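Enquirer: Would you mind keeping the following structure in view while I ask a few things?
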Amino acid sequence: DVLVVGAGVVGAGTALDAVTRGLSTGLVEARDWASGTSSRSSKLIHGGLRYLEMLDFALVREALKERGLLLERLAPHLVKPVPFLYPLQHKGWERLYAGSGVALYDAMSMTSGHGRGLPTHRHLTRAHALRIAPALKKDALVGALQYYDAEVDDTRYVATLV
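Residue numbering for the sequence shown follows this note's numbering, beginning at 242 and increasing consecutively.
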């Protein structure tokens, strides 16, 4: 019924969807599964934090829901939390601005129905940030925010789909 050309993440997902709908499905790839674009991804399964600044709440909500499903139900053996450090260089307003953003991100994650898979953000002192990342420029640093997204081994994920 269906022949899918390309066994990257999109092709593998398309083939899986077709099979689950009862269609006879073939999947062909010129080289190896996930050997093209899918093997060179950022490996991030993120909730779209940068889209909050653009006020694209619908996209962030959808991305957080999908990230949560992958973390909790679909691929918890492949999708793992990864911490990010956001260095702060300005006292006061920057911590308030960025902190409000990651707090909203955490809140949206928790209300997505799948927010239990990652720790919430933390405010760090300058000393704590330097313990975590000693290469940061000490003179420019006033503190940091630590928040979490998720990462996946993209080629293993594709192999699991196939």
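Built from N, CA and C at the ideal position, the CB exists for glycine as well.
Quick caveat: nothing in here was measured; it's all calculated off a predicted structure.
Please report the straight-line C-alpha distance between Glu335 and Gly309, rounded to a whole angstrom.
Expert: Rounded to whole angstroms, Glu335 to Gly309 spans 28 Å at the Cα level.
Enquirer: Here's a check: name, in chain order, each residue in its chain whose Cβ is nearer than 7 Å to the Cβ of Gly247, leaving out the five neighbours to either side.
Expert: Closer than 7 Å at Cβ, skipping near neighbours: Glu270.
Enquirer: Among Ser280, Gln330, Ala304, Tyr389, whose alpha-carbon lies nearest the alpha-carbon of Lys378?
Expert: Lys378 has its Cα closest to that of Gln330, out of Ser280, Gln330, Ala304, Tyr389.
Enquirer: List the whole-angstrom C-beta distance separating Val396 from Ser280, where the pair is believed to meet the contact cut-off of C-beta under 8 Å.
Expert: First, the amino acid is wrong: residue 396 is Thr here, not Val. About 5 Å; that satisfies the 8 Å criterion.
Enquirer: Measuring CA to CA, which of Leu371, Ser353, Tyr338 is closest to Phe298?
Expert: Looking at the Cα atoms, Ser353 is the closest of the given residues.
Enquirer: Helix, strand or coil: how does DSSP classify Gly354 here?
Expert: Three-state result, Gly354: coil.
Enquirer: Which residues does DSSP list as the beta-bridge partners of Ile286?
Expert: For Ile286, which the question treats as bridged, DSSP gives the partners Ala391.
Enquirer: Report the option in Thr266, Thr361, Tyr338, Tyr346 whose CA atom is closest to the CA atom of Asp242.
Expert: Here the closest residue by C-alpha is Thr266.
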